[in-house]
Amino acid sequence: MDNEWKNAKKKLEKLFADDEMRGTIKGQLLRIDMKNRLEYFEGSDKEVKASLSTLLLDDCFYTDEDAKRFWNALNDKNVECGDFLQLPEGIHFLGDKDETSIIYIRKCYRDLAKIAFDKKTKKRLRISGNPGIGKTLFGYYLLYLLSQKNIVTIYDSHASKTVLIFDKDSVFRTSRIKVIESYQKNSNAWYIVDAKIPVKANARTILLCLPRKDLYRDFDKFGLSTVRFMPVWGRREIDECRDKIFYNIEKEKVEELFLKWGGIPRFVLEQADDKGYQDMLEKAINKCSMDIFKYVGESTDTDEMSHKLVHIYTNLPFADEVKDENEMDLDTIPTIPNDVMLDRHGEGPYTKSIVRFASDFVKQEVTKTLEEDIRNKLRTETNLSLKAGISNSLLGMSFEQIVHRVLRDGGLFKTRSLELNCLEEDLIINRQSEILEFFKSNISVIEDGKYYKPVEQNFPTIDAIITPNKLFQMTISKIHPIKMNGLKILYNKLGGEDASEDIKFYFVVPEHLYDNYRKQDFHASNDTLALNVPLWIQFRVQQYVLKIVL
451 MDNEWKNAKK KLEKLFADDE MRGTIKGQLL RIDMKNRLEY FEGSDKEVKA SLSTLLLDDC
511 FYTDEDAKRF WNALNDKNVE CGDFLQLPEG IHFLGDKDET SIIYIRKCYR DLAKIAFDKK
571 TKKRLRISGN PGIGKTLFGY YLLYLLSQKN IVTIYDSHAS KTVLIFDKDS VFRTSRIKVI
631 ESYQKNSNAW YIVDAKIPVK ANARTILLCL PRKDLYRDFD KFGLSTVRFM PVWGRREIDE
691 CRDKIFYNIE KEKVEELFLK WGGIPRFVLE QADDKGYQDM LEKAINKCSM DIFKYVGEST
751 DTDEMSHKLV HIYTNLPFAD EVKDENEMDL DTIPTIPNDV MLDRHGEGPY TKSIVRFASD
811 FVKQEVTKTL EEDIRNKLRT ETNLSLKAGI SNSLLGMSFE QIVHRVLRDG GLFKTRSLEL
871 NCLEEDLIIN RQSEILEFFK SNISVIEDGK YYKPVEQNFP TIDAIITPNK LFQMTISKIH
931 PIKMNGLKIL YNKLGGEDAS EDIKFYFVVP EHLYDNYRKQ DFHASNDTLA LNVPLWIQFR
991 VQQYVLKIVL
(Lines of atoms letter the chains of each structure in order from A and count residues from 1; the text may use other names and numbers.)
(Lines give C-alpha, C1' and ligand atoms only; values in the text may rest on other atoms or scores of the structure.)
Protein backbone atom coordinates (compact mmCIF):
# COMPACT_ATOMS: atom_id res chain seq x y z
CA MET A 1 0.00 0.00 0.00
CA ASP A 2 2.95 2.32 0.61
CA ASN A 3 3.93 2.08 -3.06
CA GLU A 4 0.36 2.77 -4.12
CA TRP A 5 0.34 5.88 -1.94
CA LYS A 6 3.62 7.05 -3.49
CA ASN A 7 2.09 6.70 -6.95
CA ALA A 8 -1.04 8.49 -5.78
CA LYS A 9 1.02 11.45 -4.57
CA LYS A 10 2.73 11.65 -7.96
CA LYS A 11 -0.67 11.76 -9.66
CA LEU A 12 -1.75 14.47 -7.23
CA GLU A 13 1.25 16.58 -8.27
CA LYS A 14 0.44 15.98 -11.93
CA LEU A 15 -3.23 16.95 -11.66
CA PHE A 16 -2.87 19.99 -9.36
CA ALA A 17 -0.11 22.44 -10.18
CA ASP A 18 -1.15 24.89 -7.45
CA ASP A 19 0.93 24.17 -4.32
CA GLU A 20 -1.75 25.51 -1.98
CA MET A 21 -4.52 23.38 -3.52
CA ARG A 22 -2.29 20.31 -3.53
CA GLY A 23 -1.29 20.84 0.08
CA THR A 24 -4.92 21.24 1.16
CA ILE A 25 -6.01 18.04 -0.62
CA LYS A 26 -3.09 16.10 0.80
CA GLY A 27 -3.91 17.30 4.30
CA GLN A 28 -7.48 16.09 3.88
CA LEU A 29 -6.33 12.69 2.56
CA LEU A 30 -4.00 12.14 5.51
CA ARG A 31 -7.01 12.29 7.83
CA ILE A 32 -8.50 9.26 6.08
CA ASP A 33 -7.39 5.64 6.50
CA MET A 34 -5.18 4.28 3.70
CA LYS A 35 -7.79 2.06 2.05
CA ASN A 36 -10.39 4.80 1.68
CA ARG A 37 -7.70 7.27 0.77
CA LEU A 38 -6.63 5.28 -2.29
CA GLU A 39 -10.21 5.03 -3.56
CA TYR A 40 -10.00 8.70 -4.56
CA PHE A 41 -7.39 7.73 -7.20
CA GLU A 42 -9.45 5.13 -9.04
CA GLY A 43 -10.54 5.88 -12.63
CA SER A 44 -9.35 8.26 -15.33
CA ASP A 45 -7.38 11.42 -14.63
CA LYS A 46 -10.55 13.44 -15.14
CA GLU A 47 -12.48 11.29 -12.64
CA VAL A 48 -9.63 11.42 -10.10
CA LYS A 49 -9.38 15.19 -10.35
CA ALA A 50 -13.13 15.57 -9.86
CA SER A 51 -13.03 13.22 -6.87
CA LEU A 52 -10.13 15.05 -5.23
CA SER A 53 -11.74 18.44 -5.89
CA THR A 54 -14.57 17.52 -3.55
CA LEU A 55 -12.00 17.41 -0.76
CA LEU A 56 -10.81 20.86 -1.74
CA LEU A 57 -14.31 22.28 -1.66
CA ASP A 58 -15.23 20.52 1.57
CA ASP A 59 -12.21 21.94 3.33
CA CYS A 60 -11.99 25.43 1.94
CA PHE A 61 -15.28 26.50 0.48
CA TYR A 62 -18.51 25.43 2.13
CA THR A 63 -21.94 26.91 2.70
CA ASP A 64 -22.65 27.72 6.34
CA GLU A 65 -26.39 27.17 6.66
CA ASP A 66 -26.56 28.68 10.16
CA ALA A 67 -24.70 31.79 9.02
CA LYS A 68 -26.99 31.99 5.99
CA ARG A 69 -30.08 31.93 8.21
CA PHE A 70 -28.47 34.68 10.31
CA TRP A 71 -27.78 36.81 7.21
CA ASN A 72 -31.29 36.29 5.88
CA ALA A 73 -32.70 37.28 9.28
CA LEU A 74 -30.70 40.52 9.23
CA ASN A 75 -32.05 41.23 5.76
CA ASP A 76 -35.63 40.66 6.89
CA LYS A 77 -37.47 43.98 6.84
CA ASN A 78 -39.55 42.77 9.81
CA VAL A 79 -36.45 42.73 12.05
CA GLU A 80 -36.51 46.05 13.84
CA CYS A 81 -33.43 47.84 15.10
CA GLY A 82 -34.29 50.35 17.80
CA ASP A 83 -32.36 50.50 21.06
CA PHE A 84 -31.88 46.74 20.67
CA LEU A 85 -31.38 44.45 17.68
CA GLN A 86 -33.22 41.18 18.41
CA LEU A 87 -32.88 38.21 16.05
CA PRO A 88 -35.73 35.70 15.60
CA GLU A 89 -35.87 32.77 17.99
CA GLY A 90 -33.21 30.13 17.36
CA ILE A 91 -30.95 32.43 15.31
CA HIS A 92 -27.66 33.77 16.68
CA PHE A 93 -25.16 36.29 15.40
CA LEU A 94 -22.83 34.78 12.77
CA GLY A 95 -24.92 31.61 13.01
CA ASP A 96 -22.85 30.63 16.05
CA LYS A 97 -24.93 29.13 18.86
CA ASP A 98 -22.40 30.43 21.40
CA GLU A 99 -23.12 33.99 20.30
CA THR A 100 -25.95 36.19 21.53
CA SER A 101 -29.19 36.76 19.65
CA ILE A 102 -29.72 40.31 20.93
CA ILE A 103 -27.44 43.34 21.11
CA TYR A 104 -27.83 46.80 22.61
CA ILE A 105 -27.39 49.52 19.99
CA ARG A 106 -25.36 52.24 21.66
CA LYS A 107 -25.62 55.85 20.50
CA CYS A 108 -21.94 55.72 19.52
CA TYR A 109 -22.65 52.68 17.28
CA ARG A 110 -25.00 54.80 15.18
CA ASP A 111 -22.52 57.69 15.12
CA LEU A 112 -19.55 55.50 14.17
CA ALA A 113 -21.62 53.69 11.53
CA LYS A 114 -22.55 57.06 10.06
CA ILE A 115 -18.84 57.88 9.88
CA ALA A 116 -18.06 54.49 8.32
CA PHE A 117 -20.69 54.92 5.58
CA ASP A 118 -19.76 58.53 4.88
CA LYS A 119 -18.07 58.73 1.47
CA LYS A 120 -15.81 61.47 2.84
CA THR A 121 -14.32 59.03 5.36
CA LYS A 122 -11.14 57.32 4.24
CA LYS A 123 -11.76 53.77 3.04
CA ARG A 124 -9.74 52.19 5.84
CA LEU A 125 -11.26 52.89 9.26
CA ARG A 126 -9.88 51.61 12.56
CA ILE A 127 -12.20 51.51 15.58
CA SER A 128 -10.16 51.33 18.79
CA GLY A 129 -10.98 51.24 22.49
CA ASN A 130 -10.78 49.30 25.74
CA PRO A 131 -11.40 45.55 25.78
CA GLY A 132 -14.94 44.53 26.71
CA ILE A 133 -16.84 47.62 25.50
CA GLY A 134 -18.56 46.04 22.49
CA LYS A 135 -16.35 46.56 19.43
CA THR A 136 -17.29 43.09 18.15
CA LEU A 137 -20.98 43.90 18.66
CA PHE A 138 -20.48 47.08 16.67
CA GLY A 139 -19.24 44.82 13.88
CA TYR A 140 -22.51 42.88 14.13
CA TYR A 141 -24.44 46.13 13.87
CA LEU A 142 -22.48 46.96 10.71
CA LEU A 143 -23.43 43.54 9.30
CA TYR A 144 -27.07 44.42 9.91
CA LEU A 145 -26.73 47.71 8.02
CA LEU A 146 -24.78 46.06 5.19
CA SER A 147 -27.36 43.30 4.84
CA GLN A 148 -30.08 45.92 4.52
CA LYS A 149 -28.12 47.48 1.65
CA ASN A 150 -27.31 44.06 0.11
CA ILE A 151 -23.56 44.84 0.13
CA VAL A 152 -21.03 42.04 -0.34
CA THR A 153 -19.17 41.62 2.95
CA ILE A 154 -16.06 39.73 4.08
CA TYR A 155 -16.07 39.06 7.84
CA ASP A 156 -12.72 37.96 9.28
CA SER A 157 -12.57 37.29 13.03
CA HIS A 158 -9.70 36.24 15.28
CA ALA A 159 -12.08 33.63 16.74
CA SER A 160 -12.30 31.63 13.49
CA LYS A 161 -9.82 29.98 11.14
CA THR A 162 -12.15 30.61 8.21
CA VAL A 163 -13.51 33.80 6.70
CA LEU A 164 -17.25 34.38 6.30
CA ILE A 165 -18.35 35.68 2.92
CA PHE A 166 -21.77 37.28 2.66
CA ASP A 167 -22.37 37.57 -1.08
CA LYS A 168 -26.01 38.58 -1.45
CA ASP A 169 -27.92 35.26 -1.45
CA SER A 170 -24.74 33.19 -1.02
CA VAL A 171 -23.16 32.77 2.42
CA PHE A 172 -20.12 30.56 2.87
CA ARG A 173 -16.94 30.05 4.86
CA THR A 174 -13.57 29.67 3.24
CA SER A 175 -9.89 29.53 4.05
CA ARG A 176 -8.86 29.67 0.38
CA ILE A 177 -6.62 32.69 0.06
CA LYS A 178 -7.36 33.12 -3.64
CA VAL A 179 -11.11 33.08 -3.02
CA ILE A 180 -10.77 35.61 -0.19
CA GLU A 181 -8.48 37.83 -2.26
CA SER A 182 -10.97 37.85 -5.13
CA TYR A 183 -13.51 39.44 -2.78
CA GLN A 184 -11.00 41.76 -1.14
CA LYS A 185 -10.17 43.20 -4.57
CA ASN A 186 -13.78 44.32 -4.98
CA SER A 187 -13.86 48.05 -4.16
CA ASN A 188 -17.64 47.86 -3.68
CA ALA A 189 -17.33 45.18 -0.97
CA TRP A 190 -16.78 45.69 2.77
CA TYR A 191 -14.06 43.90 4.72
CA ILE A 192 -14.66 43.76 8.50
CA VAL A 193 -11.71 42.53 10.56
CA ASP A 194 -12.18 41.75 14.25
CA ALA A 195 -9.10 41.74 16.49
CA LYS A 196 -6.54 40.42 14.01
CA ILE A 197 -4.03 41.80 11.53
CA PRO A 198 -5.79 42.74 8.28
CA VAL A 199 -4.39 42.55 4.76
CA LYS A 200 -4.32 45.47 2.37
CA ALA A 201 -7.56 45.33 0.38
CA ASN A 202 -9.43 47.42 -2.17
CA ALA A 203 -12.63 46.69 -0.25
CA ARG A 204 -13.76 49.26 2.31
CA THR A 205 -12.01 48.01 5.45
CA ILE A 206 -13.15 48.31 9.07
CA LEU A 207 -10.60 47.13 11.66
CA LEU A 208 -12.05 46.56 15.15
CA CYS A 209 -9.21 46.15 17.62
CA LEU A 210 -7.59 46.95 20.93
CA PRO A 211 -5.05 49.79 20.99
CA ARG A 212 -2.26 47.29 20.24
CA LYS A 213 0.32 48.32 17.65
CA ASP A 214 0.98 44.73 16.57
CA LEU A 215 -2.62 44.62 15.31
CA TYR A 216 -2.79 47.95 13.50
CA ARG A 217 0.79 49.02 12.74
CA ASP A 218 0.69 47.90 9.09
CA PHE A 219 -2.94 48.94 8.66
CA ASP A 220 -2.13 52.54 9.55
CA LYS A 221 0.69 52.49 6.98
CA PHE A 222 -1.51 51.26 4.13
CA GLY A 223 -2.63 54.80 3.38
CA LEU A 224 -6.19 56.12 3.14
CA SER A 225 -6.61 55.08 6.79
CA THR A 226 -8.05 56.85 9.82
CA VAL A 227 -8.99 56.00 13.40
CA ARG A 228 -11.94 56.62 15.71
CA PHE A 229 -12.20 55.73 19.40
CA MET A 230 -15.15 53.95 20.97
CA PRO A 231 -15.98 55.30 24.44
CA VAL A 232 -16.51 53.23 27.57
CA TRP A 233 -20.13 52.87 28.67
CA GLY A 234 -22.04 55.42 30.70
CA ARG A 235 -24.36 54.67 33.61
CA ARG A 236 -27.51 55.03 31.51
CA GLU A 237 -26.23 52.55 28.91
CA ILE A 238 -25.35 50.02 31.59
CA ASP A 239 -28.78 50.40 33.19
CA GLU A 240 -30.70 50.05 29.91
CA CYS A 241 -28.74 46.96 28.93
CA ARG A 242 -29.25 45.39 32.36
CA ASP A 243 -33.00 46.03 32.25
CA LYS A 244 -33.42 44.30 28.87
CA ILE A 245 -30.70 41.61 28.69
CA PHE A 246 -29.08 41.11 32.11
CA TYR A 247 -32.24 41.54 34.17
CA ASN A 248 -31.28 38.59 36.39
CA ILE A 249 -28.48 40.67 37.98
CA GLU A 250 -29.51 42.85 40.92
CA LYS A 251 -29.43 46.56 40.10
CA GLU A 252 -27.53 47.28 43.33
CA LYS A 253 -24.83 44.79 42.33
CA VAL A 254 -24.48 46.38 38.90
CA GLU A 255 -24.08 49.80 40.52
CA GLU A 256 -21.44 48.43 42.89
CA LEU A 257 -19.48 46.88 40.02
CA PHE A 258 -19.81 50.03 37.91
CA LEU A 259 -18.27 52.09 40.71
CA LYS A 260 -15.34 49.64 40.81
CA TRP A 261 -14.78 48.74 37.15
CA GLY A 262 -16.11 51.82 35.40
CA GLY A 263 -18.01 51.46 32.12
CA ILE A 264 -16.87 48.01 30.96
CA PRO A 265 -19.97 45.81 30.47
CA ARG A 266 -17.89 42.64 30.23
CA PHE A 267 -17.16 42.94 33.96
CA VAL A 268 -20.16 44.96 35.13
CA LEU A 269 -22.81 42.85 33.35
CA GLU A 270 -21.61 39.83 31.39
CA GLN A 271 -19.25 38.43 34.05
CA ALA A 272 -20.88 40.03 37.09
CA ASP A 273 -21.25 36.67 38.88
CA ASP A 274 -17.93 35.13 37.84
CA LYS A 275 -15.45 35.32 40.72
CA GLY A 276 -12.50 34.58 38.44
CA TYR A 277 -13.25 37.62 36.32
CA GLN A 278 -14.09 39.82 39.31
CA ASP A 279 -10.77 38.97 40.99
CA MET A 280 -8.90 40.33 37.96
CA LEU A 281 -9.25 43.92 39.12
CA GLU A 282 -7.56 43.29 42.46
CA LYS A 283 -4.80 41.35 40.68
CA ALA A 284 -4.27 44.22 38.26
CA ILE A 285 -4.05 46.73 41.13
CA ASN A 286 -1.58 44.57 43.06
CA LYS A 287 0.54 44.04 39.95
CA CYS A 288 0.63 47.68 38.82
CA SER A 289 3.84 49.68 38.95
CA MET A 290 4.86 53.25 38.25
CA ASP A 291 4.89 52.31 34.56
CA ILE A 292 1.15 52.95 34.66
CA PHE A 293 1.95 56.68 34.56
CA LYS A 294 3.70 56.24 31.21
CA TYR A 295 0.55 54.70 29.81
CA VAL A 296 -0.91 56.42 26.75
CA GLY A 297 -3.68 53.95 25.93
CA GLU A 298 -1.47 51.39 24.19
CA SER A 299 -0.69 47.84 25.29
CA THR A 300 1.09 44.73 24.09
CA ASP A 301 -0.34 41.27 23.50
CA THR A 302 0.97 40.22 26.93
CA ASP A 303 -0.25 43.28 28.84
CA GLU A 304 -3.98 43.21 29.48
CA MET A 305 -3.73 44.53 33.05
CA SER A 306 -3.34 48.19 32.09
CA HIS A 307 -6.73 48.32 30.38
CA LYS A 308 -8.43 47.22 33.59
CA LEU A 309 -6.95 50.17 35.47
CA VAL A 310 -6.96 52.87 32.81
CA HIS A 311 -9.79 53.62 30.40
CA ILE A 312 -9.75 55.40 27.08
CA TYR A 313 -12.22 58.26 26.87
CA THR A 314 -12.84 60.28 23.74
CA ASN A 315 -14.35 63.54 22.53
CA LEU A 316 -18.09 62.99 22.14
CA PRO A 317 -20.50 64.89 19.91
CA PHE A 318 -21.33 68.20 21.60
CA ALA A 319 -25.00 67.33 22.02
CA ASP A 320 -24.10 64.20 24.00
CA GLU A 321 -21.86 66.14 26.39
CA VAL A 322 -24.39 68.82 27.31
CA LYS A 323 -27.71 67.00 27.61
CA ASP A 324 -28.15 68.39 31.11
CA GLU A 325 -29.26 72.01 30.69
CA ASN A 326 -27.31 72.95 33.81
CA GLU A 327 -24.10 72.10 31.99
CA MET A 328 -24.73 74.52 29.13
CA ASP A 329 -23.85 78.12 28.59
CA LEU A 330 -26.72 78.96 26.27
CA ASP A 331 -24.80 81.73 24.55
CA THR A 332 -21.94 79.38 23.59
CA ILE A 333 -23.89 76.49 22.07
CA PRO A 334 -22.71 76.30 18.44
CA THR A 335 -25.22 76.16 15.61
CA ILE A 336 -24.64 72.74 14.06
CA PRO A 337 -26.62 71.37 11.08
CA ASN A 338 -28.59 68.22 11.89
CA ASP A 339 -26.51 66.11 9.51
CA VAL A 340 -23.16 67.21 10.96
CA MET A 341 -21.46 65.78 14.07
CA LEU A 342 -18.98 67.99 15.89
CA ASP A 343 -17.55 68.01 19.39
CA ARG A 344 -17.59 71.00 21.76
CA HIS A 345 -14.55 72.45 19.94
CA GLY A 346 -16.15 72.20 16.51
CA GLU A 347 -14.00 69.20 15.56
CA GLY A 348 -14.94 65.69 14.49
CA PRO A 349 -16.01 63.50 17.47
CA TYR A 350 -14.45 60.19 18.52
CA THR A 351 -11.03 61.34 17.26
CA LYS A 352 -9.15 61.83 20.55
CA SER A 353 -7.75 59.28 22.99
CA ILE A 354 -7.98 60.56 26.59
CA VAL A 355 -6.74 58.30 29.40
CA ARG A 356 -8.27 58.28 32.89
CA PHE A 357 -8.33 55.85 35.77
CA ALA A 358 -11.12 53.31 35.36
CA SER A 359 -12.96 54.56 38.44
CA ASP A 360 -12.54 56.50 41.65
CA PHE A 361 -12.05 53.15 43.40
CA VAL A 362 -9.17 52.22 41.09
CA LYS A 363 -7.65 55.69 41.49
CA GLN A 364 -7.76 55.32 45.27
CA GLU A 365 -6.29 51.81 45.33
CA VAL A 366 -3.50 52.50 42.83
CA THR A 367 -2.56 55.69 44.69
CA LYS A 368 -2.58 53.86 48.02
CA THR A 369 -0.38 51.07 46.61
CA LEU A 370 2.17 53.41 45.03
CA GLU A 371 1.84 56.53 47.19
CA GLU A 372 5.49 56.95 48.21
CA ASP A 373 6.70 56.56 44.62
CA ILE A 374 3.92 58.85 43.40
CA ARG A 375 4.95 61.59 45.83
CA ASN A 376 8.54 61.32 44.61
CA LYS A 377 7.44 61.43 40.99
CA LEU A 378 5.19 64.41 41.66
CA ARG A 379 8.20 66.39 42.85
CA THR A 380 10.02 65.80 39.57
CA GLU A 381 6.94 66.00 37.34
CA THR A 382 5.79 69.29 38.77
CA ASN A 383 9.25 70.74 38.22
CA LEU A 384 8.92 69.62 34.61
CA SER A 385 5.45 71.14 34.48
CA LEU A 386 6.82 74.41 35.78
CA LYS A 387 9.53 74.51 33.12
CA ALA A 388 7.66 73.14 30.12
CA GLY A 389 3.99 73.74 30.88
CA ILE A 390 3.07 70.07 30.55
CA SER A 391 1.53 67.61 32.96
CA ASN A 392 0.64 63.93 33.30
CA SER A 393 -3.13 63.37 33.54
CA LEU A 394 -2.94 60.09 35.48
CA LEU A 395 -0.38 61.55 37.87
CA GLY A 396 -2.66 64.54 38.34
CA MET A 397 -5.49 62.19 39.31
CA SER A 398 -3.29 60.47 41.88
CA PHE A 399 -2.28 63.87 43.24
CA GLU A 400 -5.99 64.66 43.60
CA GLN A 401 -6.47 61.44 45.56
CA ILE A 402 -3.60 62.25 47.92
CA VAL A 403 -4.94 65.76 48.47
CA HIS A 404 -8.43 64.49 49.32
CA ARG A 405 -6.95 62.55 52.24
CA VAL A 406 -4.71 65.43 53.31
CA LEU A 407 -7.58 67.94 53.38
CA ARG A 408 -9.94 65.47 55.04
CA ASP A 409 -7.40 65.03 57.85
CA GLY A 410 -7.53 68.78 58.34
CA GLY A 411 -4.87 71.18 59.56
CA LEU A 412 -3.29 74.54 58.78
CA PHE A 413 -2.60 75.21 55.08
CA LYS A 414 -0.62 78.00 53.46
CA THR A 415 -2.60 79.92 50.81
CA ARG A 416 -1.95 82.95 48.61
CA SER A 417 -4.47 85.22 46.92
CA LEU A 418 -4.26 85.28 43.12
CA GLU A 419 -6.06 88.61 43.00
CA LEU A 420 -4.24 91.93 42.85
CA ASN A 421 -3.22 91.99 46.52
CA CYS A 422 -1.36 88.62 46.47
CA LEU A 423 -1.79 88.35 50.24
CA GLU A 424 -0.79 85.13 52.00
CA GLU A 425 -2.97 83.71 54.74
CA ASP A 426 -3.46 80.44 56.59
CA LEU A 427 -6.53 78.29 56.00
CA ILE A 428 -7.77 76.06 58.81
CA ILE A 429 -9.71 72.94 57.82
CA ASN A 430 -11.26 70.79 60.52
CA ARG A 431 -10.59 67.05 60.51
CA GLN A 432 -13.36 64.86 59.14
CA SER A 433 -13.82 61.12 59.76
CA GLU A 434 -14.66 60.37 56.13
CA ILE A 435 -14.86 61.97 52.72
CA LEU A 436 -18.50 62.57 51.85
CA GLU A 437 -19.75 62.39 48.26
CA PHE A 438 -22.51 63.93 46.17
CA PHE A 439 -23.96 63.33 42.72
CA LYS A 440 -24.25 66.19 40.27
CA SER A 441 -27.97 65.47 40.08
CA ASN A 442 -28.41 65.78 43.87
CA ILE A 443 -26.35 68.62 45.33
CA SER A 444 -28.99 69.17 48.01
CA VAL A 445 -27.29 66.52 50.19
CA ILE A 446 -24.29 68.82 50.75
CA GLU A 447 -24.21 70.14 54.33
CA ASP A 448 -22.37 73.30 55.36
CA GLY A 449 -18.97 72.89 56.97
CA LYS A 450 -18.35 69.36 55.67
CA TYR A 451 -15.85 68.18 53.07
CA TYR A 452 -17.50 66.69 49.95
CA LYS A 453 -16.28 65.49 46.59
CA PRO A 454 -18.37 64.75 43.47
CA VAL A 455 -18.97 61.11 42.55
CA GLU A 456 -18.52 61.88 38.84
CA GLN A 457 -14.88 61.90 37.75
CA ASN A 458 -15.70 64.49 35.09
CA PHE A 459 -17.63 66.90 37.31
CA PRO A 460 -16.82 70.36 35.91
CA THR A 461 -14.85 73.02 37.76
CA ILE A 462 -14.08 71.48 41.17
CA ASP A 463 -12.76 68.38 42.92
CA ALA A 464 -14.09 69.21 46.41
CA ILE A 465 -16.32 71.66 48.23
CA ILE A 466 -16.93 72.92 51.78
CA THR A 467 -20.05 75.03 51.70
CA PRO A 468 -21.05 77.74 51.95
CA ASN A 469 -18.04 79.31 50.23
CA LYS A 470 -14.96 77.09 49.72
CA LEU A 471 -14.17 75.31 46.44
CA PHE A 472 -11.08 73.19 45.74
CA GLN A 473 -9.52 72.31 42.39
CA MET A 474 -6.50 69.99 42.55
CA THR A 475 -4.02 70.39 39.70
CA ILE A 476 -0.41 69.85 38.68
CA SER A 477 -0.80 72.09 35.64
CA LYS A 478 0.15 75.76 35.44
CA ILE A 479 -2.90 76.46 33.29
CA HIS A 480 -6.27 75.29 34.58
CA PRO A 481 -9.20 77.53 33.53
CA ILE A 482 -12.33 77.63 35.70
CA LYS A 483 -15.35 76.21 33.89
CA MET A 484 -18.35 78.36 34.69
CA ASN A 485 -20.90 75.55 34.22
CA GLY A 486 -19.70 73.84 37.41
CA LEU A 487 -20.17 77.06 39.37
CA LYS A 488 -23.69 77.36 37.96
CA ILE A 489 -24.53 73.81 39.02
CA LEU A 490 -23.45 74.69 42.59
CA TYR A 491 -25.05 78.15 42.57
CA ASN A 492 -27.74 77.43 45.17
CA LYS A 493 -25.26 75.74 47.52
CA LEU A 494 -23.04 78.81 47.27
CA GLY A 495 -25.77 81.04 48.63
CA GLY A 496 -27.82 81.71 45.51
CA GLU A 497 -29.28 85.17 44.89
CA ASP A 498 -29.15 86.30 48.50
CA ALA A 499 -25.44 85.59 49.08
CA SER A 500 -22.93 88.39 49.35
CA GLU A 501 -19.79 86.81 50.84
CA ASP A 502 -16.83 85.86 48.67
CA ILE A 503 -16.55 82.39 47.16
CA LYS A 504 -12.98 81.26 47.77
CA PHE A 505 -11.76 79.17 44.86
CA TYR A 506 -8.56 77.31 45.86
CA PHE A 507 -6.18 75.82 43.29
CA VAL A 508 -4.49 73.08 45.31
CA VAL A 509 -0.98 72.49 43.93
CA PRO A 510 2.31 70.80 44.88
CA GLU A 511 4.74 73.13 46.63
CA HIS A 512 6.91 73.52 43.51
CA LEU A 513 4.06 75.24 41.67
CA TYR A 514 2.89 77.38 44.57
CA ASP A 515 5.10 80.48 44.20
CA ASN A 516 4.58 80.80 40.44
CA TYR A 517 0.89 80.05 40.19
CA ARG A 518 -1.20 82.78 38.52
CA LYS A 519 -4.86 83.73 38.30
CA GLN A 520 -6.84 81.62 35.82
CA ASP A 521 -9.39 82.55 33.15
CA PHE A 522 -13.06 81.61 33.18
CA HIS A 523 -14.15 79.27 30.39
CA ALA A 524 -17.52 78.52 28.82
CA SER A 525 -18.84 74.96 28.43
CA ASN A 526 -17.12 74.62 25.04
CA ASP A 527 -13.72 75.21 26.69
CA THR A 528 -13.26 78.63 25.14
CA LEU A 529 -12.64 81.91 26.95
CA ALA A 530 -15.91 83.08 28.48
CA LEU A 531 -17.08 86.33 26.91
CA ASN A 532 -20.10 86.81 29.18
CA VAL A 533 -19.20 86.12 32.80
CA PRO A 534 -22.20 86.50 35.15
CA LEU A 535 -21.84 89.36 37.62
CA TRP A 536 -22.08 87.07 40.64
CA ILE A 537 -19.05 85.12 39.37
CA GLN A 538 -17.12 88.30 38.54
CA PHE A 539 -17.65 89.86 41.96
CA ARG A 540 -17.90 86.90 44.34
CA VAL A 541 -15.37 84.32 43.07
CA GLN A 542 -11.93 85.07 44.50
CA GLN A 543 -9.02 82.88 43.41
CA TYR A 544 -6.34 81.45 45.73
CA VAL A 545 -3.54 78.93 45.49
CA LEU A 546 -3.08 76.38 48.32
CA LYS A 547 0.27 74.68 48.96
CA ILE A 548 0.58 70.91 49.50
CA VAL A 549 3.93 69.76 50.86
CA LEU A 550 4.76 66.33 49.45
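Heads up: the sequence shown runs through residues 451 to 1000, numbered per the numbering used here. Beta carbons: idealized from backbone N, C-alpha and C, even for Gly.
Beta-carbon contacts of residue i that lie in its chain and below 7 Å, excluding the five residues immediately before and after
i	result
G712	V682, H761, A808, S809
I541	R519, F520, A523, S551
Y901	L857, R858, Q882, I885, L886, A914, I916
D952	N919, R990, Q992
S501	Y490
A458	L488, F491
M924	F849, E850, V853, D913, V958
Buried versus exposed call for residue i [16 or more other C-beta atoms within 10 Å across all chains shown]
i	result
K943	buried
D606	buried
A609	exposed
K599	exposed
I852	buried
P538	exposed
M484	exposed
Where the beta strand (DSSP E) containing residue i begins and where it ends
i	result
E887	886-888
L921	920-924
Y605	603-607
W640	640-644
F616	613-617
C558	C558 -> not in any beta strand (DSSP E); alpha helix (DSSP H) instead, spanning 557-567.
K570	Note, K570: premise wrong, no beta strand (DSSP E); not H, not E.
S675	675-679
I915	914-916
C659	654-659
Cα-Cα separation, residue i to residue j
i	j	result
Y641	S620	16 Å
K890	G684	15 Å
L480	W455	11 Å
D468	R574	32 Å
K635	L593	19 Å
K569	F922	47 Å
D977	R825	30 Å
F717	R806	18 Å
N982	G936	15 Å
N880	I893	22 Å
L1089	V643	With the chain running from 451 to 1000 in the structure shown, residue 1089 is simply not present.
W986	K938	10 Å
K813	E720	23 Å
Q728	Y697	19 Å
L940	S950	15 Å
G798	K527	32 Å
G956	L820	This sequence places Tyr at residue 956; Gly is not what is there. Cα to Cα, the separation comes out at about 26 Å.
Q529	Q536	Residue identity check: residue 529 is Val in the sequence provided, not Gln. Roughly 7 Å separates the two Cα atoms.
Same chain, Cβ closer than 6 Å to residue i, five either side skipped, listed in chain order
i	result
T513	F622
R866	E874, V995
S848	T817, I824
K460	none
T586	D644
Extent of the continuous alpha helix (DSSP H) run through residue i
i	result
Q882	Careful: Q882 lies outside any alpha helix (DSSP H) and carries neither H nor E.
R626	First-last for R626: undefined, no H or E at that position.
Nonlocal neighbours in the same chain, by C-beta distance under 8 Å from residue i, ignoring five residues either side
i	result
L562	I577, F588, R678, M680, Y800
K618	N600, V602
L674	K572, K573, R574
K547	D516
L862	D876, L877, I878
C-beta neighbour in chain C for residue i, strict 8 Å
i	result
K618	Note that chain C does not occur in the displayed structure, where there is just one protein chain.
Discussion item. Please give the ranges of any alpha helix (DSSP H) in the region 930-998, keeping only runs that are unbroken, at least 4 residues long and fully inside the region.
Written reply: 934-939, 961-964, 985-990
Worksheet item: Which runs of the alpha helix (DSSP H) spanning at least 4 residues fall entirely within the region 474-501, listed in chain order?
Response: 484-489
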